[in-house]
Amino acid sequence: MEIPKTYDPKITEDKWYSYWLQHKFFKSVPDNREPYTIVIPPPNVTGVLHMGHMLNNTIQDVLIRRARMQGKNACWVPGTDHASIATEAKVVALLKEKGISKTDLSREDFLKHAWEWKEKYGGIILKQLEKLGASCDWDRTRFTMEEDLSEAVIDVFIDLYKKGQIYRGVRMVNWDPQGLTAVSDEEVQHKEVNSKLYYVKYKIEGSADEWITIATTRPETILGDTAVCVHPDDERYRHLHGKRCIIPMVNRSVPIITDDYITMEFGTGALKVTPAHDINDYNLGVKHKLEVIDTIAADGKMSEAAKFYVGEDRFTVRKKIAKDLEEMGQIVKVEDIKNKVGYSERTNAVIEPKLSMQWFLKMDKISKPALENVLNGEVKLIPEKYVNTYKHWMENVHDWCISRQLWWGQRIPAWYDNKGNTVVCKTKEEAIQKLKGINSEVKSEDIRQDEDVLDTWFSSWLWPISVFDGFKNPEGKDINYYYPTNDLVTGPDILFFWIARMIIAGYEYKGQKPFSNVYLTGIVRDKLGRKMSKQLGNSPDPIELIEKYGADGVRVGMLLCAPAGNDLLFDESYTEQGRNFSNKIWNAFRLINGWETADVKQVPANKTAIQWFEAKFNEQLEIINDLYSKYRMSEALMATYKLVWDDFCAWYLEMIKPEFVDGKSLPIDQETYDATIIFFEKILKVLHPFMPFITEEIWHLIGERAEKDCIIVAEWPNTSGKTDEIVKHFDVVMEVITNIRNIRKQKNISPKEKLQVFEKVNQGEVISTYDEIIIKLCNLSSFEYVTSNVDNAFSFVLKHAEFFVPLSQNMDVEAEKERLSKDLEYNKGFLKSVEIKLANEKFVANAKPELIENERKKQSDAMAKIKAIEEQLAGLK
RNA sequence: GGGAGCUUAGCUCAGCUGGUUCAGAGCAUCUGCCUUACAAGCAGAGGGUCACUGGUUCGAACCCAGUAGCUCCCA
């Protein structure tokens, strides 16, 4: 069978993915093995795969595949999040295209559309994960709004309400006028923008022509002003204390109050107070018992209460009122300034602070164990620097606003009668009963359920418990076996939204952490460091990348540029490197595959090569294991990469590769062949977590395999643990080889011309074990030992010996002299630095003995080397 | 405004408790090779005042202080 020169992922990926599925290798059921569990950060059900998903799911898959190979019962639970705001926004947009407005629909009809849409498009992202090779147990796929999970959410709400942890209150919330819902503080992004600062003068009541000038960036809120505030110590306004002024246009008389909250330096030092539309003003309003006039409606347009511009958008009004005030002569001046404005993370609309009735979860008590157990390392955050951020947040945690003015989500189980009584319970029947207990007159048609739904995070915070039915069946097999899970892999941007809250819920409902380790990935940015976004169009389509470079190539590419915990600047060249690596592995396979064995004796060089690689492999595998244990994924990958490319392909295979004679490859001895196959299998295993497809393909090509003998379930190689001297010896051999090759290159000698090399050993014993290997890798005709210098030869000096390469051509003596002189100078400098150190009494007195010993050795080595170089120089005529 | 962190080769990053010539890796670059596994390759080479300034120390990329620039989080 002809094997193509380049690896083609297209013919292997789908094939093996379905094979794995068919043989249920991803499936996990509790048994007596040690569990290894990851719950996926559920992507939005409406979402499509982006680079951030690629990164964290690649990492999760690497972890889960390695655990599986280590014999653990690996379980990766997939699923999606109902993402109330995002999904509802998409459904609304879709309906709008069809000419249907949300307000024309009943709640039930809207939800019907939403579910239809979810069924049709939802979960595309999970299909995409398959392309990446994600080995999730798809039978366990969950959805945060499915019946069981929703029930858990409602039960938790009721439970916390009963515990007195949930309350309803009027609060200034971050209102998203586009999404028509409140969003949490964490979902508001503050961006610096260019604004105008308007200086507007208000007339002092009862005066002929006395004015007070305030500065504001939001003149449209003037209509809702109910006071003007100055600092009590501000001399400029002392005479106005206790007086009143007139709000322009609406001609309302409001008090001039004093408060030391005011910054005298900002603007004019006089602040207009609009309690309905600014959180600080609201607090001032509460303190000074000011009237609240809500002039901006939910949709961001002026309300009836504003009296002017009713029904016009707040930003239009800002321009209009500025113009109108200008015409009235009440604008003093306008300045350009930069200030921070809050934007909704979901809809990117400018947040409007707004007073409304919301449900809250008290955070002070419930969050305590979640803080403690991160600080004491019970739950580890990786990298550790996030512990600080976490601590800071948890110590200053605000109550969590858990209601959202949406339909898509779990509806709040609170019921009201017409007299203002409230009960919290699961069903309407229960509510009727309870309310009748309070108010015997009440009729069931007067009973209404709260219109709002719960924040999406109020369901996803239960995820590690609810996916194992830990609420429905607290003593179930699954929850007891898989919980607490092992690792969570997600981005630091949701440290508070999600991670912190899962930890809180874990302790509140299971009395245990939800996971032991949290691996926080970086944020994927483009080459210029910009966040990947649709608007910028700087995000490559992951599926296209997979088609171009293969899933294995993309996985490798992602991890190559993903240093632990740092943002990563993604560039397609990394995936190209990943693809090239696939190809390298493929060709190593082609080489080995092409060998014919024969009943020939194993040459000693092959035996040495095998011993060396065995030792090298063990050494590197230990390093790789250690890097995994520290979650240093990109470094584990790089170590694997070098083990395969450099040690296995560039050195080992070149050493044992049979020679070509008369256009035919000589056969290889059986012993070496067998050892090589075993090495190659081990290499494939170590590669498998990173590159599942190509390794599975080759696994089956290099040997006859039983149906279930797949690399995905092969055993992770063991290490012997012993360090072998041969690796050290070989480092010197490699140095010799590189030096000889270097001479060849520098002197422009064709690689086909065979060279002679002589070694003069100056210290230590002669080790000739590697001579044949040197001969082969440097294309030598002979490698011999001498006791004196060889004339008319290029030379180089290593620690223990001198090497001579006699030249057929005439030697450029001057050039050689110069080269040796340089080398001599360098070594003299080195010796000097060592001697200075040793002459330093304080160093000798303070440094560790072994360190001093080492310095002495360096000294004698350097002296020997200098002597050798000097002799060679003297020999050059 | 408050807090956290970062600055090492052209790029992306390692460098654990200060001590081997400790200044490293991958990519990129340069040079030579179409050597029957792979040009998506092979062989070799050149790149850095470890942001800056001072201090501690026998010894500093590493510890301390200050300066500059950048990033993130919170208000």
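In terms of our numbering, the first sequence opens at residue 131 and continues consecutively.
The beta carbon of each residue, even a glycine, is placed where N, CA and C say it ideally should be.
Bridge-paired residues (DSSP) for residue i
| i | result |
| --- | --- |
| residue 130 | Because the chain is modelled from 131 through 1007, residue 130 falls outside the range shown and cannot be assessed. |
| residue 530 | 491 |
| residue 388 | 360 |
| residue 649 | 512 and 619 |
| residue 209 | 272 |
| residue 465 | 327 |
| residue 727 | 798 |
| residue 344 | 330 |
| residue 923 | 936 |
| residue 374 | 385 |
| residue 320 | 472 |
| residue 655 | 661 and 699 |
| residue 886 | 912 |
| residue 881 | Its beta-bridge partners do not exist; DSSP assigns none. |
| residue 480 | 473 |
| residue 168 | 206 |
Check whether residue i and residue j have beta carbons under 9 Å apart
| i | j | result |
| --- | --- | --- |
| residue 669 | residue 180 | yes |
| residue 285 | residue 556 | yes |
| residue 553 | residue 296 | no |
| residue 471 | residue 538 | no |
| residue 548 | residue 576 | yes |
| residue 854 | residue 749 | yes |
| residue 350 | residue 444 | yes |
| residue 640 | residue 613 | yes |
| residue 828 | residue 742 | no |
| residue 927 | residue 1002 | yes |
| residue 334 | residue 290 | no |
| residue 182 | residue 705 | no |
| residue 330 | residue 345 | yes |
| residue 479 | residue 307 | yes |
| residue 282 | residue 602 | yes |
| residue 257 | residue 677 | no |
| residue 635 | residue 644 | yes |
| residue 826 | residue 142 | yes |
Cβ-Cβ separation, residue j to residue i (assumed contact under 8 Å), whole Å
| i | j | result |
| --- | --- | --- |
| residue 318 | residue 481 | 5 Å |
| residue 360 | residue 400 | 5 Å |
| residue 325 | residue 469 | 5 Å |
| residue 764 | residue 681 | Actually they do not touch by this definition, with Cβ atoms about 18 Å apart. |
| residue 299 | residue 488 | 7 Å |
| residue 924 | residue 935 | 5 Å |
| residue 811 | residue 201 | Contact flag wrong, Cβ pair sits at about 17 Å. |
| residue 689 | residue 188 | 6 Å |
| residue 520 | residue 625 | 6 Å |
| residue 913 | residue 869 | The Cβ separation is near 13 Å, so there is no contact. |
| residue 683 | residue 712 | 5 Å |
| residue 343 | residue 462 | 5 Å |
| residue 533 | residue 312 | 7 Å |
| residue 989 | residue 954 | Not confirmed; about 16 Å, so no contact. |
| residue 493 | residue 527 | 4 Å |
Contact test: residue i Cβ vs the ligand COA heavy atom, cutoff 8 Å
| i | result |
| --- | --- |
| residue 915 | The ligand COA is not among the ligands present in this structure, which contains no ligands whatsoever. |
Original post:
Can you find at least 3 beta carbon pairs, one from the stretch 245-256 and one from the stretch 499-514, that sit closer than 8 Å?
Top reply: no
Original post:
What residue ranges within the stretch 783-860 form continuous alpha helix (DSSP H) runs of no fewer than 4 residues, ordered along the chain?
Top reply: 800-817 and 822-831
**OP:** Report yes or no: do the stretch 894-913 and the stretch 737-749 share at least 3 C-beta pairs separated by less than 8 Å?
**Re:** These segments touch.
Original post:
Below 8 Å, can you find three or more Cβ-Cβ pairs linking the stretch 905-924 to the stretch 874-889?
Top reply: yes
Original post:
At what residue ranges does the stretch 233-311 contain a whole run of the alpha helix (DSSP H), taking only runs of 4 or more?
Top reply: Fully enclosed alpha helix (DSSP H) runs of 4 or longer: 237-251, 254-262 and 277-292.
Original post:
With contact counted as at least three CB pairs below 8 Å, one residue from each stretch, are the stretch 195-215 and the stretch 161-173 in contact?
Top reply: These segments touch.
Original post:
Quick check: the stretch 716-734 against the stretch 798-808, are there 3 or more CB pairs under 8 Å?
Top reply: As far as the Cβ criterion goes, the stretch 716-734 touches the stretch 798-808, which means the pair count is three or higher.
**OP:** Would you check if there are 3 or more beta carbon pairs closer than 8 Å linking the stretch 446-460 to the stretch 368-379?
**Re:** yes
Subject >> Stretch-stretch touch, CB-based, cutoff 8 Å, three pairs: the stretch 768-781 with the stretch 878-886 >> reply: no
Original post:
Looking at C-beta atoms only, is the number of pairs between the stretch 166-181 and the stretch 227-246 that lie closer than 8 Å three or more?
Top reply: no
Subject >> the stretch 418-429 touching the stretch 342-357, judged by at least three CB pairs closer than 8 Å >> reply: yes
**OP:** Starting from the N-terminal side, write out each stretch of the alpha helix (DSSP H) that is 4 residues or longer and does not extend beyond the stretch 520-590.
**Re:** 558-568 and 587-590
Original post:
What are the start and end residues of each continuous alpha helix (DSSP H) run of 4 or more residues lying completely inside the stretch 386-461, in chain order?
Top reply: 409-418 and 444-457
Subject >> Any 3 or more C-beta pairs closer than 8 Å across the stretch 191-200 and the stretch 812-824 >> reply: yes
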